[in-house]
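Okay, so here's the structure we're looking at.
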Amino acid sequence: MLIFLLSVADEAQRDKVEEIYRKYHVEMFKVAMVKLRGRPNQQSEAEEALQNAFLKIIEYYDSIRFEENEACLRAYYLAIVTNEAINILNRQTNHVCIEEIEEKLPSDEDFLEQLCLKTEYARVVEAITELDDRYSIPLQLRYVEQLSVDEISALLDMNVKTVYNNISRGKSRLLKQLKSTGKGYGA
Amino acid sequence: MNRTDTNQALFKRALVEARLRKAAEASAQIETVECSDEHRQKMRFILSSDRAKKRKKRRTAMLAAALTATLAVAALASAAIAKRDDIKLALDDFFGVTEPIGPVDEHRPQEIEKVYSLSYVPDGFEIVNTSAELKSVRTEWQNLAEEYIILEQSVEGFEDEYGDIEGRREQIKLGEAELNCLYTDTVSVFLWRCDGYEFKLECSNALPFDEISQMIIAFLNENLNS
Numbered sequence: 018m019l020i021f022l023l024s025v026a027d028e029a030q031r032d033k034v035e036e037i038y039r040k041y042h043v044e045m046f047k048v049a050m051v052k053l054r055g056r057p058n059q060q061s062e063a064e065e066a067l068q069n070a071f072l073k074i075i076e077y078y079d080s081i082r083f084e085e086n087e088a089c090l091r092a093y094y095l096a097i098v099t100n101e102a103i104n105i106l107n108r109q110t111n112h113v114c115i116e117e118i119e120e121k122l123p124s125d126e127d128f129l130e131q132l133c134l135k136t137e138y139a140r141v142v143e144a145i146t147e148l149d150d151r152y153s154i155p156l157q158l159r160y161v162e163q164l165s166v167d168e169i170s171a172l173l174d175m176n177v178k179t180v181y182n183n184i185s186r187g188k189s190r191l192l193k194q195l196k197s198t199g200k201g202y203g204a
Numbered sequence: 054m055n056r057t058d059t060n061q062a063l064f065k066r067a068l069v070e071a072r073l074r075k076a077a078e079a080s081a082q083i084e085t086v087e088c089s090d091e092h093r094q095k096m097r098f099i100l101s102s103d104r105a106k107k108r109k110k111r112r113t114a115m116l117a118a119a120l121t122a123t124l125a126v127a128a129l130a131s132a133a134i135a136k137r138d139d140i141k142l143a144l145d146d147f148f149g150v151t152e153p154i155g156p157v158d159e160h161r162p163q164e165i166e167k168v169y170s171l172s173y174v175p176d177g178f179e180i181v182n183t184s185a186e187l188k189s190v191r192t193e194w195q196n197l198a199e200e201y202i203i204l205e206q207s208v209e210g211f212e213d214e215y216g217d218i219e220g221r222r223e224q225i226k227l228g229e230a231e232l233n234c235l236y237t238d239t240v241s242v243f244l245w246r247c248d249g250y251e252f253k254l255e256c257s258n259a260l261p262f263d264e265i266s267q268m269i270i271a272f273l274n275e276n277l278n279s
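Chains as they are written, first to last, in this note's numbering: chain U, 18 to 204; chain X, 54 to 279.
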């Protein structure tokens, strides 16, 4: 049980964040542990990812869409902690993001049309599950949380161009994956 | 609902389901691990914010190299004097070298041998002042609203400066670090020891507590875990 040290002005917010921690921290921690698997300081780094995730949740509390269903909120918190684990991985390997030339993609409407109407839903879920988190997290924040690119950039500590590119690449890879692995409806 | 809305709703559902599926796979792979006491204390610190506000942030670069250079110049300037033990003893007497407060670390430097800085400061803050002497280093950041952050590193303690000041005091243990905290009407002051040095972080009260806690936690994560 967490003990509070200071009197709290925004008690409702603090109570809400504590509730989020109580309900989801075990799962969030396990996700971070898996992401940081094989590293010598796996547990302390996973804890750091969890701490950083909650700092983000507090900082961007106003942008959380609490009116969404629980599954969406849970997915949001898991995306945040996954991203923080990725940041730790990148920090320690001096990861350099190489900006590729942005592929020309169909419009959003055409992308969704190709993805959803011409493909079985279950295959879409599978393809997204297999997609690298670098691409699936910005896609999730864009389409589920409906955050702007600037908001995603701030939340993920990523520059705006990288966010744009990763969203584009995510869409492109999803479409390629689905075209290459098989059948659509009725096949 | 038109077709685009339907597609969007399906895609949104698929994104959520994929994220939850990944988490379920992760949960299946890892047995429940008890988080460390250090983590629990840090989470307590994070969640005890009473002024959580949304702020944009960016990381600022450490200026340890610049401070080290300044320190090197100061060290060179005083080296001629310090070489002579009799003069050094006289200087120590004059400045009243005190015993360090608290338990004596195995390695307790007598002069600044390594410069520490904050790896994270809130967006909008820029360094406005640095000073380096043999026994202490001080860096000050300020933003356009004239809110400030001061980090001081010293081989001696700071308790004497704050003994008589009125304010609320408390002690927080974060892993290996013990923070002595003082909150007055205008400033918040945090004192801790790390790697044989004494540190003081002084911040304007206008700074949100979650930003202050993030600065300290980032500092401790970087320096206590390395």
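Glycine included, C-beta positions come from ideal geometry on N, C-alpha and C. Everything numeric in this text was worked out from a predicted model, so none of it was measured.
Using a Cβ-Cβ cut-off of 7 Å, state whether residue 222 of chain X counts as contacting chain U.
So, not an interface residue.
I'd like to know if residue 65 of chain U contacts chain X, where contact means its C-beta is closer than 7 Å to some C-beta of that chain.
Chain X, which has a Cβ nearer than 7 Å to the Cβ of residue 65 of chain U, makes this yes.
Would you call the segment 259-272 of chain X in contact with the segment 190-204 of chain X, where contact means no fewer than 3 C-beta pairs closer than 8 Å?
Touching, per the Cβ criterion.
By Cβ distance, which residues of its chain are closer than 7 Å to residue 162 of chain U, with the 5 residues on each side in sequence left out?
Here the set comprises 82 and 93.
Could you work out which residues of chain X lie near residue 47 of chain U, taking near to mean beta carbons separated by less than 7 Å?
Residues of chain X passing the Cβ test: 79, 80 and 83.
So, is residue 180 of chain U buried or exposed, given that buried needs 16 or more other C-beta atoms within 10 angstroms?
Residue 180 of chain U comes out buried.
Counting Cβ pairs closer than 8 Å, one from the segment 56-64 of chain X and one from the segment 176-196 of chain X, do we hit at least three?
Short answer: they don't touch.
Using the C-alpha atoms, what's the distance from residue 243 of chain X back to residue 232 of chain X?
Their Cα atoms are separated by approximately 6 Å.
According to DSSP, simplified to helix, strand and coil, what is residue 246 of chain X?
The answer is strand: DSSP assigns residue 246 of chain X an E or B state.
Residue 132 of chain U versus chain X: which residues are under 9 Å apart at the beta carbon?
Correct list: 60, 63, 64 and 67.
Confirm, please, whether the CB-CB distance from residue 169 of chain U to residue 158 of chain U is below 7 Å.
Yes, they are a contact pair.
Report the partner residues of residue 252 of chain X according to the DSSP bridge assignment.
DSSP, once it has assigned bridges, lists X:206 and X:245 as partnering residue 252 of chain X.
Taking 7 Å as the cut-off, decide whether the C-beta atoms of residue 260 of chain X and residue 200 of chain X are in contact.
Taking 7 Å as the Cβ cut-off, residue 260 of chain X and residue 200 of chain X qualify as a contacting pair.
For the beta strand (DSSP E) that residue 183 of chain X lies in, which residues bound it at each end?
Looking at the DSSP string, the run of the beta strand (DSSP E) that includes residue 183 of chain X is 179-185.
With residue 70 of chain U and residue 97 of chain U assumed to form a contact (beta carbons below 8 Å), what rounded beta-carbon distance in angstroms separates them?
With a Cβ gap of about 5 Å, residue 70 of chain U and residue 97 of chain U count as contacting.
At 9 Å on the CB atoms, spell out the chain X contacts of residue 157 of chain U, in chain order.
Ordered by position in chain X, the residues that pass the 9 Å Cβ test against residue 157 of chain U are 65, 68, 69, 71 and 72.
When the distance is taken between beta carbons, is residue 187 of chain U closer than 7 Å to residue 160 of chain U?
Result no, Cβ atoms of residue 160 of chain U and residue 187 of chain U do not sit closer than 7 Å.
Would you call residue 177 of chain U buried or exposed, if buried means 16 or more other Cβ atoms sit within 10 Å of its Cβ?
Exposed, since its Cβ has fewer than 16 Cβ neighbours within 10 Å.
Kindly identify the DSSP beta-bridge partner or partners of residue 72 of chain X.
For residue 72 of chain X, which the question treats as bridged, DSSP gives no partner whatsoever.
Is residue 233 of chain X helix, strand or coil when you go by DSSP?
Strand.
Any beta-carbon of chain U closer than 7 Å to the one on residue 163 of chain X?
For residue 163 of chain X, the answer is no, since every Cβ of chain U falls outside 7 Å of its Cβ.
Would you list the residues sitting across from residue 189 of chain X in a DSSP beta bridge?
According to DSSP, residue 189 of chain X bridges with X:207.
Give the straight-line distance between the Cα atoms of residue 54 of chain U and residue 61 of chain U, rounded to the nearest whole angstrom.
Going from the Cα of residue 54 of chain U to the Cα of residue 61 of chain U covers about 12 Å.
Would you kindly work out how many angstroms separate the C-alpha atoms of residue 219 of chain X and residue 98 of chain X, rounded to a whole number?
Approximately 23 Å, taken between the alpha carbons.
Quick check on this structure: which residue in U:142, U:164 and U:65 has the alpha carbon closest to the alpha carbon of residue 46 of chain U?
Per the Cα distances, U:65.
Determine the extent of the alpha helix (DSSP H) in which residue 66 of chain U is found, giving its start and end residues.
Per DSSP, residue 66 of chain U belongs to the alpha helix (DSSP H) from 59-76.
Taking residue 76 of chain X as the query, report the chain U residues whose CB atoms sit under 7 Å from its CB, ordered along the chain.
Under the 7 Å cutoff, chain U gives 44, 48 and 95.
Report the neighbours of residue 153 of chain U on chain X: residues whose CB is nearer than 8 Å to its CB, in chain order.
Residues of chain X passing the Cβ test: 68, 71 and 72.
Taking the C-alpha atoms as reference points, what is the distance between residue 44 of chain U and residue 88 of chain U?
C-alpha separation (whole angstroms): 13 Å.
Closest to residue 129 of chain U by CA distance: which of U:195, U:171, U:91 and U:80 is it?
It is U:195.
Thinking residue 171 of chain X and residue 156 of chain U are a contact (beta carbons under 8 Å), I'd like their distance in whole angstroms, please.
In fact, because the Cβ distance is near 34 Å, the residues do not count as touching under 8 Å.
Please go through the same chain and pick out, in chain order, the residues whose beta-carbon is closer than 7 Å to the beta-carbon of residue 80 of chain U, but skip the five residues on each side of it.
Excluding positions up to five away in sequence, the list reads 164 and 168.
Kindly indicate which three-state DSSP category residue 124 of chain U falls into: helix, strand or coil?
Here residue 124 of chain U sits in coil by DSSP.
So for residue 36 of chain U, helix, strand or coil by DSSP?
It is helical.
Interface residues of chain X around residue 51 of chain U at Cβ under 7 Å?
Under the 7 Å cutoff, chain X gives 79, 82 and 83.
So which residues of chain U does residue 274 of chain X contact, with C-beta pairs closer than 7 Å?
Those within 7 Å of residue 274 of chain X in chain U are 65.
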